[in-house]
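Report on the following structure.
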Amino acid sequence: LPESIGNLKCLKFLNCTRCVKLTTLPESIGNCTMLQKIVLSDCESFRALPSTIGNLTYLNAIEFGANTTSGCNAILSLPETLSQCQQLFDLDFTKCKFLKSLPTQMGCLEHLTDLNLRECKKLTDLPVSIGNCTQLRELSLSKCCGLSTLPKSLINLNRLTSLNLSKCTGFFDGEQVLNVLCKLPLLQVLNMKGCKNINTLTDLTEGMFPSLIHWDLCSMKN
């Protein structure tokens, strides 16, 4: 994209779906201060968001993987300045298979309600600060095979209603996972289908999972 895109002062929506040769956005994108949504689905060569993304204070959604077929396989990390986009409520990184980390200050995204990290297979941990995303309602970590634990700070996600951990084969200690989640007051859906390496689950006592309606444990072979 041309650097001159920064002259589009009224731009609110940028859709680059299946721009398979696109590797990044120009630094001048930070001048499009009215921008609210960026879609980069199936941009197979996309490597990095510019640090100027932090200037987009009206940005409320970034989609790398909504309805994706192949994903954005080249992106490895996200700029720390992303945490300055405090109006973000929807982040979708589905099939960013080589994404290794999230910004350490993710917790600054106080309006974030939906975070989709499905098939981010190289992601090894979640930042502790995610516990400050207290508006988060849906979190998908399906097929995040590199995850082996959940940060204890998830216990602060008092509005979380749905958590998808299906096929997270890196989890072995079911007690650690459930001890983090058991006191979430609004959690209704917990998907642990295919977490085949978990071999123990904690004892369930009164008061744990007070709102849980649906718990999927299919194919937990151990």
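With this note's numbering, the residue at position 147 of the sequence shown is 147, and numbering never jumps.
Yeah, the Cβ is synthetic: ideal placement off N, Cα and C, and Gly gets one too.
Values in this document were obtained by computation on a predicted structure and should not be read as measured data.
Proximity winner among the options, relative to residue i (alpha-carbon distances)
i	options	result
Q105	L178, C96, S83	S83
C19	L115, C72, L212, L76	C72
L204	L88, L212, G65	L212
L1	L165, T17, L139, T24	T24
K12	E175, P26, M34	M34
L112	E175, L217, L14, A61	A61
S142	F46, T149, N164	N164
G65	A74, L147, C218	A74
L201	V180, C10, H214	V180
S148	S45, I198, D114	I198
E247	K193, D90, L109, P103	Here the chain has residues from 1 to 222 only, and residue 247 is not among them.
L109	C16, D92, T134	T134
R47	C96, K167, L117, L59	C96
L40	W215, K167, L22	L22
Q86	L102, L99, L59	L59
K167	E44, L190, E80	L190
K193	N15, T52, D216	D216
E63	L14, F209, L123	L14
S70	P210, C120, G107	C120
T169	G146, L126, P210	G146
T17	E44, L8, F172, L150	E44
F98	H214, S28, C144, C182	C144
Outcome for residue i when other beta-carbon atoms lying within 10 angstroms are tallied against a minimum of 16
i	result
G207	exposed
C195	buried
S140	buried
C218	exposed
P103	buried
C10	exposed
N31	buried
L178	buried
T57	exposed
L117	buried
N132	buried
L76	exposed
Test: residue i CB closer than 9 angstroms to a CB of chain C
i	result
W215	The displayed structure is made up of one protein chain only, and chain C is not part of it.
Whole-angstrom C-beta distance between residue j and residue i, which should lie under 8 angstroms
i	j	result
I53	P79	6 angstroms
C115	L150	Residue identity differs from the one stated: residue 115 is Leu in this sequence, not Cys. That pair is no contact at about 13 angstroms.
K122	K152	Contact doesn't hold; Cβ gap of about 23 angstroms is too wide.
Ignoring anything shorter than 3 residues or poking outside the region 122-146, list the beta strand (DSSP E) runs there in chain order.
138-140
Any beta strand (DSSP E) of 3 or more consecutive residues that is wholly inside the region 6-62:
13-15, 37-39
Counting pairs of Cβ atoms below 8 angstroms between the region 147-166 and the region 181-196, do you hit three or more?
yes
May I have a chain-ordered list of the beta strand (DSSP E) segments no shorter than 3 residues that lie completely inside the region 162-194?
162-164, 189-191
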